[in-house]
Each structure stands twice: as structure tokens, then as C-alpha cells.
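Worksheet: the structure to be examined is printed underneath.
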Amino acid sequence: MEKVAKRLVSKEYVVPFVLVTSLFFMWGFARAILDVLNKHFQTSMDITITRSAMIQATTYVGYFLMALPAGLFINRFGYRRGVVLGLMLFAAGSLLFIPSESLLSFDFFLVALFIIGCGLVVLETAANPYVTELGDRSTAASRLNLAQSFNGLGCILAPVIMGQLLFVEGGEGGSVALPYTVMGLVVLVVALVFCKVKLPEIGAASDVAKENPEAPEGAMAVIGGLLRSRRFMLGVLALFCYEIAEISINSFFINYVTDDGWMTAKTAAVVLSFGGLGLFMLARVAGSWVMSRVAAEKVLFLCAVMTVGGSLLVTLDLGFVSRIGLFACYAFEAIMFPTVFAISIRGLAGSSTKIASSFLMMSPLGGAVGTLLMGYVADASASMSAAFAVPCLGYLFVLVYALMVMRGKVR
């Protein structure tokens, strides 16, 4: 009998998939802006690389602290209200850039970024597991990679737009509050849309919290089960290590390519957008197609091998070869987050999926750790190339996790 190809998204869930996928674009845009702010504040406020790393660190500490509360909120009140809460926090943090710029206070900017981080983690905690449920379980990793491709589109546009605004010949220019104000207003409009639409609660019937919302032991039982799952806990650690690599490389891409005079900061912002992050997006689309035909863990293993090799080439400072290694990291890391995420929650349902998502969304704290470590190594060694040892170690753990899953060592 001829095998019938499974739909990537179930027919009845196409509209929810489109709506939720739009959120992936939004948080991709917001996170990619940070990579330009890093270099901008180093120059405009005359701060060190390590100090500027607080931009990413503060944002991703917000992820860490808000992730579990976000999961519990979504478990209790549903995906749609979770999305609206995330959008409102996102908008509030964005609009706080107006007084931050008036005060010219780096610390006030960090407060605004912390609130944005809290909002983004609520969105991601809701959207990532929701997308995995909008079709057959066997295509979950492929479906999530497709949705995450729109995250890549947001990542492409943000650096080039911000770079043109903030980097001018002979110095720094433009208002950093302007793009954040526009973004905040757009996010408020999107929040209004989600207030009006109805998203189906996938697996709601099995939610412990829906059966007895007053019983906290339901959520605690789910958490206890997750903590005993070796595959899940190692998946959380693998995502943490991946975020160390991905976020730190993005954060210091402009520093790396400008330090040796390869290009100006303004040009670097464009190259980051269309070169690094454009390659990232295309690779994620390709990865979605490949994983509809090849086991996700096998693709993850191959990509991890390539990223370890690419980051090692950068660390060794081999000139043109190292630059090839840098872009290889963007190409082969693209499928890692959604693939590890989908593998980690495989077999879960209902409240287990929502709370598991909140734990997984603590992983961007790795970005805070990675940028601080990479900034410290760069300042101490006076070499951005040497600092790439940090993401290399992050990719190495992802490789180990993929190998363990392939060999059935984690269940």
C-alpha cells in the first residue's frame, strides 16, 4: 500500500498556526535588535565589552525568572491569555525606552530590557509547545522548525534596520527610542487582535489544572515527573548550552568582524542580517523539509558536528578559513533550538507540555552566561577569536545530547 504523506499542519488548525507563527517573527525581531545595541552602547556610552554584555544578560535573566510563572499562568488560563500577557509586557518594556533615552541611563535601559525579556518568554512558552500540537506528533519537529523560520525573518530585518539608524559615518547617531516606540505600538495592536480571536486549547481535556484548578499538587506532580525524566532534563541543559553559543555569537558578531578592519560597524549590521541571520533562516526552512524525511536526532547530530568544527576554526584565528567557520555556525545551528525542544517534550500532553515548555524557556539564561563569559575572555585576551571557545563548548554539549538520543541512552 502506498504511504500517504502526513500534513505538516492539521487542516482545522491552519488559522491558529498562522496567527501564532506571527509571534515568532516578533520575538525574533526583538532579540536580534540586542546584537546591534551591544556595539552601539559600547561607543555611545563608552563602556567595555563585558559591561555591554549586560544588555543580553539582563534580557535573558528575565527569561529565566519569568519562565516558570509563565508556564503556570498558561496552564491555568490557557494559551490565548498567555499570549496577551506576553504582548502587554513586551509593549511596556519597549515604551520604557522613551524615558530611558531622556535620562541617558544605561541602567534604566537594562530595566526596560528586563521587562521585554519577561514578555518574550511568556510568548515563547505559549507558542513553542502550541505549534507542536497543531498536527501529527511525528511531524512536530518539522512543524516547529517551519514556524521558527519566521523567527529568522525577524532576526534578518532587525539588525539592518537598527544598524542604518544607529551607525553613521564618523560616530553614532539616531534615536534608539524611536524603533522601540514603534515596536511597542505595533505589539499593542497585535495584543488587541489576540484579545478578539479564539485559539483552540489543544489537549485541554487532559490538563490537570483544568480538571481541578484549585489543586496546586497537580502542577507539582507534573514538575516532579519532568525532573525525573532524563531525556527532558538533559534537553533543558542542551538548550541552555545551545543558547550560550547562539546568543553570544550574535552578540559579538559585529565586534568580531570590525576588530580586524574587515568591515565597518554599519556594513557589519547588514552582513549580520543578510549573511549570518539570512543563512540561519534559509537553513531552518531547509531543516524543516529534511526532518520530514530524516529522524530529527540524526539531523541534530550532524549539525552539531559542523557547528563544533566551525566555532573551533574561528577560535584558532585562521583568517579567511575562520570567517567560513563563522558562517557555518549560522547555517548548522539553525535547526537546534526547535529540534531539541521537540525531542524534549516528545510524548507529553496537556499540562505536562505547558509546564515542560516553561522549564525549557529558562534556557536563554545561557545567553546571559555566554555573553558575559565571551565578553570577559575578549577583554582579558584582547582577542574576539579566542572568545569563540565559549560557544564551541556549548555546541559540544548539544553534540553529546544528540548522540545520546540517537543511541537510546535517554528516554
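Under our numbering, think of the first position of the sequence shown as 763, with each following residue one higher.
All C-beta atoms, glycine included, are put in the ideal place defined by N, C-alpha and C.
Excluding the five sequence neighbours on either side, which residues of its own chain have a C-beta within less than 6 Å of the C-beta of residue i, listed in chain order?
| i | result |
| --- | --- |
| C880 | G824, M828 and L851 |
| P978 | Because the pLDDT at P978 is just 45, under 50, the model does not fix this residue reliably, and the value given afterwards should be weighed accordingly. Hits under 6 Å: none found. |
| V1102 | G997, A1000 and L1001 |
| S1084 | L1075 and V1076 |
| A874 | G855, L858, F859 and S862 |
| P1153 | A1007, S1010, I1011 and S1073 |
| L799 | I817 |
| D1079 | S1147 |
| E1095 | E1008 and T1069 |
Please report how far the alpha carbon of residue i lies from the alpha carbon of residue j, in whole angstroms.
| i | j | result |
| --- | --- | --- |
| E973 | P962 | Confidence at E973 is low in this model, with a pLDDT of 42, below 50, so its placement is unreliable and the value that follows should be read with caution. Going from the Cα of E973 to the Cα of P962 covers about 17 Å. |
| L988 | S1120 | 11 Å |
| C1003 | E895 | 25 Å |
| R813 | M788 | 26 Å |
| L928 | C917 | 17 Å |
| V1131 | Q910 | 23 Å |
| A939 | A889 | 28 Å |
| A794 | M945 | 13 Å |
| D1021 | I860 | 31 Å |
| G1087 | V955 | 42 Å |
| P891 | L858 | 30 Å |
| A1140 | E1005 | 19 Å |
| Y822 | P1126 | 6 Å |
| T887 | M1123 | 6 Å |
| A1031 | W1024 | 13 Å |
| L830 | R838 | 12 Å |
| P921 | R990 | 41 Å |
| V1056 | S1035 | 29 Å |
| N1017 | G1049 | 29 Å |
| M924 | I809 | 19 Å |
| S867 | W1051 | 46 Å |
| V1160 | A1045 | 18 Å |
| V1047 | Q804 | 34 Å |
| A832 | K1116 | 9 Å |
Which residues in the same chain as residue i place their Cβ atom closer than 7 Å to its Cβ, once the five residues preceding and following it in sequence are excluded?
| i | result |
| --- | --- |
| R769 | G897 |
| T1133 | A815, Q818, A819, I1009, S1010 and S1013 |
| V1172 | R992, R993, L996 and M1166 |
| F1150 | S1073, V1076 and T1077 |
| L1158 | V1070 |
| P778 | L896, L961 and P962 |
| A767 | Only weak support exists for where A767 lies, its pLDDT of 49 falling under 50; the coordinates are left without a value. |
| Y1138 | T812 |
| F786 | A889, A909, Q910, F912 and N913 |
| F1214 | Nothing about residue 1214 can be read from this structure; the chain reaches only from 763 to 1173. |
| A708 | This structure gives no information on residue 708, because the portion of the chain shown stretches from 763 to 1173. |
| V1067 | L1161 |
Would you verify that the beta carbon of residue i is, or is not, closer than 8 Å to some beta carbon of chain C?
| i | result |
| --- | --- |
| A1000 | This model lacks chain C altogether, as it is built from one protein chain only. |
Please go through the same chain and pick out, in chain order, the residues whose beta-carbon is closer than 8 Å to the beta-carbon of residue i, but skip the five residues on each side of it.
| i | result |
| --- | --- |
| S772 | L896, G897 and D898 |
query = Which residue spans inside the stretch 972 to 1058 form an unbroken alpha helix (DSSP H) run of at least 4?
reply = 978 to 989, 992 to 1021, 1027 to 1033 and 1040 to 1052
request  = Jot down the residue ranges of each uninterrupted alpha helix (DSSP H) in the stretch 1120 to 1144, minimum 4 residues, whole runs only, in chain order.
outcome  = 1127 to 1143
task = Mind the definition here: the stretch 1032 to 1046 touches the stretch 888 to 903 only if three or more C-beta pairs lie below 8 Å; say whether that holds.
result = no
query = Is there contact between the stretch 1154 to 1167 and the stretch 839 to 851, where contact requires at least three CB pairs shorter than 8 Å?
reply = The count of Cβ pairs closer than 8 Å, one atom from the stretch 1154 to 1167 and one from the stretch 839 to 851, stays below three, leaving the stretches out of contact.
Cβ contact (3+ pairs, closer than 8 Å) linking the stretch 1055 to 1064 and the stretch 946 to 960 = no
message = Quick check for students: name the residue ranges of the alpha helix (DSSP H) that lie wholly in the stretch 775 to 807, counting only runs of 4 or more.
response = 776 to 806
key: Secondary structure, alpha helix (DSSP H): runs of 4+ residues fully inside the stretch 834 to 881   = Those alpha helix (DSSP H) runs which fall completely within the stretch 834 to 881 and span 4+ residues are 841 to 857 and 859 to 865.
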